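Undergrad: Following this message is one structure expressed as structure tokens.
Protein chains: 2
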Amino acid sequence: MSIMEGTLIRMSLRHGILGLLSNRPASGYDLLSTFQETLANVWPATQSQLYGELNRLANDGLIRVTSTGARGRKEYELTDAGGDELHRWLVDVEPKRVNRNDMLLRVFFLGLLTRKEAVAYIENERAVTERYRAELKAIEDGNDWSQGDFAANGRIALEWGLRYTEMQREWADWALDRLAPKRSKD
Amino acid sequence: MSIMEGTLIRMSLRHGILGLLSNRPASGYDLLSTFQETLANVWPATQSQLYGELNRLANDGLIRVTSTGARGRKEYELTDAGGDELHRWLVDVEPKRVNRNDMLLRVFFLGLLTRKEAVAYIENERAVTERYRAELKAIEDGNDWSQGDFAANGRIALEWGLRYTEMQREWADWALDRLAPKRSKD
DNA sequence: CTGCGACATTTCAGATGTGACATGTTGAAG
DNA sequence: CTTCAACATGTCACATCTGAAATGTCGCAG
Numbered sequence: 001m002s003i004m005e006g007t008l009i010r011m012s013l014r015h016g017i018l019g020l021l022s023n024r025p026a027s028g029y030d031l032l033s034t035f036q037e038t039l040a041n042v043w044p045a046t047q048s049q050l051y052g053e054l055n056r057l058a059n060d061g062l063i064r065v066t067s068t069g070a071r072g073r074k075e076y077e078l079t080d081a082g083g084d085e086l087h088r089w090l091v092d093v094e095p096k097r098v099n100r101n102d103m104l105l106r107v108f109f110l111g112l113l114t115r116k117e118a119v120a121y122i123e124n125e126r127a128v129t130e131r132y133r134a135e136l137k138a139i140e141d142g143n144d145w146s147q148g149d150f151a152a153n154g155r156i157a158l159e160w161g162l163r164y165t166e167m168q169r170e171w172a173d174w175a176l177d178r179l180a181p182k183r184s185k186d
Numbered sequence: 001m002s003i004m005e006g007t008l009i010r011m012s013l014r015h016g017i018l019g020l021l022s023n024r025p026a027s028g029y030d031l032l033s034t035f036q037e038t039l040a041n042v043w044p045a046t047q048s049q050l051y052g053e054l055n056r057l058a059n060d061g062l063i064r065v066t067s068t069g070a071r072g073r074k075e076y077e078l079t080d081a082g083g084d085e086l087h088r089w090l091v092d093v094e095p096k097r098v099n100r101n102d103m104l105l106r107v108f109f110l111g112l113l114t115r116k117e118a119v120a121y122i123e124n125e126r127a128v129t130e131r132y133r134a135e136l137k138a139i140e141d142g143n144d145w146s147q148g149d150f151a152a153n154g155r156i157a158l159e160w161g162l163r164y165t166e167m168q169r170e171w172a173d174w175a176l177d178r179l180a181p182k183r184s185k186d
């Protein structure tokens, strides 16, 4: 009753933007770079998507242009309605649990490859994961995580990434062991 | 040079279908249920998407109708071209690494909630993950994983799920600890 | 012989995402 | 005073995904 049914759409880019704007007003250009540094790790978005969504958001009254600067720069801030919508999304909308995973989909079909190809596939995944892990470590070391809510919670998300990559490395090792012939003479 | 540039499109549902058909011929209806039991965990797809893709795949010559049965049932099998495309996808196309994660996106904005709300959010995620983990365990126990390539590799994908859910539970505990006030009197 | 659940496919509107291209401004280095 | 990188936004075609609805058949329990 109290929740409008028609409003229960997902659209997380929208809420990512609202979330960033809840921190501080910003232009599309600002948001784009912030996005790339933070949220893109969990929710990638292209430039065209971002600008498009900003216009839609303004149209829907969830954000508002506060000033128009040089080079057509438009600075946006969150409206009260936008803050409410963000809160609603945070507490009332269940996250989508199934995340598409390209890499894992291929695993189902590893039997179509030679053992050598399959091993190469897993080894490559292991290597890529390790590189990504190193990037995350660099972010961990390069930041002050005590300042402000956004950073503090960014740290929690980062921790997830660190544990995820660690898990994936261990899984890759397990899989490589499993793919190996039982008693190899090599 | 040797790789046609225009062909490097992603489209993993397409390859999921090709992969299932590489195992045995099937109708759209068959594939739908197989999908739900296996691949949907890593690559969800709706019924309309599946049937649509089957027609496109047949049109592109990657699969072929072998027989038309009762109730308009069309049984498809993989063509040589389909097998080649599947192989190409497995060995030549790098998986997309960034997976959208709704749940983690919210974590960045946990600072907008009260501590109580934030804790409830993580606790709920923990509980949902645990339930999913139990489902995966049931699948592990309920199957014979020694028969055939598809099962064997399905087991490797399942292992990923088991480790993923374990990781997420531990992460949730870590996050809950971090969200707790330093010296709570409760 | 009737109803109904499982089988089986198609279509469609609308949301969302991708990648490329188009367009223009501003400030600072040289 | 020129030029160039960074700033800044917009648009388009196309691919993909979502959810619902429409349509009909077959076999079997009652």
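If you're matching them up, the sequences are chains Y and B in order.
Those letters in the first sequence? Residues 1 to 186, by the numbering used here.
Those letters in the second sequence? Residues 1 to 186, by the numbering used here.
Just so it is clear, CB atoms sit at the ideal spot from N, CA and C, and this is done for glycine as well.
Source: prediction; values computed, not measured.
For the beta strand (DSSP E) containing E75/Y, list its first residue and its last residue.
TA: 74–78 is the span of the beta strand (DSSP E), which, as asked, contains E75/Y.
Undergrad: Take I122/Y and list the residues in its own chain whose beta-carbon comes closer than 6 Å to its own, dropping the five residues that flank it on each side.
TA: Here the set comprises A172, A175, L176.
Undergrad: Going by the DSSP bridge assignment, what does I187/B pair with across the sheet?
TA: Nothing in the structure corresponds to residue 187/B, since chain B is present only between 1 and 186.
Undergrad: Counting along the chain, where does the alpha helix (DSSP H) carrying R106/B start and finish?
TA: Element bounds for R106/B: 102–107.
Undergrad: Count the other CB atoms, across all protein chains shown, that sit within 10 Å of the CB of D102/B; report buried if there are 16 or more and exposed otherwise.
TA: It is buried - the Cβ of D102/B has at least 16 other Cβ atoms within 10 Å.
Undergrad: Could you give the residue range of the alpha helix (DSSP H) that holds N23/Y?
TA: Looking at the DSSP string, the run of the alpha helix (DSSP H) that includes N23/Y is 12–23.
Undergrad: DSSP state of S27/Y, grouped into three classes?
TA: It is a strand residue.
Undergrad: According to DSSP, what are the bridge partners of T68/B?
TA: DSSP, once it has assigned bridges, lists K74/B as partnering T68/B.
Undergrad: Out of curiosity, what's the CA-to-CA distance linking I156/Y and N55/B?
TA: Roughly 44 Å between the two C-alpha positions.
Undergrad: Given this structure, state the Cα-to-Cα distance separating I139/B from P181/B, to the nearest angstrom.
TA: Distance between the alpha carbons of I139/B and P181/B: 39 Å.
Undergrad: Within 8 Å (strictly less), CB to CB, does T66/Y reach chain B?
TA: T66/Y does not count as touching chain B.
Undergrad: How far does the alpha helix (DSSP H) with V128/B in it extend, from its first residue to its last?
TA: Residues 115–141.
Undergrad: Under a three-way DSSP split, which group does W171/Y fall into?
TA: Of the three classes helix, strand and coil, the one that applies to W171/Y here is helix, per DSSP.
Undergrad: Comparing C-alpha positions only, which one of W145/Y, L86/Y, I17/Y sits nearest to E53/Y?
TA: Checking every option, the nearest Cα to that of E53/Y belongs to I17/Y.
Undergrad: What residue from L50/Y, N23/Y, L179/Y, P25/Y has the CA that sits closest to E117/Y's CA?
TA: Checking every option, the nearest Cα to that of E117/Y belongs to L179/Y.
Undergrad: Using only alpha-carbon positions, find the residue among R88/Y, G28/Y, E37/Y, L105/Y that is nearest to R73/Y.
TA: When each option's Cα is compared against that of R73/Y, the closest is G28/Y.
Undergrad: Could you compute how far the alpha carbon of A81/B sits from the alpha carbon of R88/B?
TA: If I take the Cα positions, the gap works out to 10 Å.
Undergrad: What does L113/B touch in chain Y if you count any residue whose Cβ is under 8 Å from its own?
TA: Neighbours of L113/B on chain Y, chain order: H87, L90, V91.
Undergrad: Using the C-alpha atoms, what's the distance from A120/Y back to L39/Y?
TA: The straight-line gap from Cα to Cα measures roughly 31 Å.
Undergrad: Of the choices A45/Y, Q168/Y, P25/Y, whose alpha-carbon is the least far from that of T129/Y?
TA: That would be Q168/Y, whose Cα lies nearest to the Cα of T129/Y.
Undergrad: How many Å lie between L78/Y and A151/B at the Cα?
TA: Their Cα atoms are separated by approximately 50 Å.
Undergrad: Give me, in chain order, the residues of the same chain whose beta-carbon lies closer than 7 Å to that of T68/B; leave out the 5 immediate sequence neighbours on both sides.
TA: If we look at T68/B and ignore the five residues flanking it on each side, its Cβ neighbours are K74.
Undergrad: Quick check: the Cα distance between R163/B and T165/Y, rounded to an integer number of angstroms?
TA: Looking at the two C-alpha atoms, the distance is approximately 11 Å.
Undergrad: Could you tell me the distance, in whole angstroms, from the CA atom of L110/B to the CA atom of D149/Y?
TA: Each residue's alpha carbon lies about 8 Å from the other.
Undergrad: Apart from the five residues just before and just after F35/B, which ones in its own chain have a Cβ nearer than 8 Å to its Cβ?
TA: Answer for F35/B: G16, L20, A45, L50, listed in chain order.
Undergrad: For chain Y, is any of its Cβ atoms less than 8 Å away from the one on M103/B?
TA: Yes - at least one Cβ of chain Y is within 8 Å of the one on M103/B.
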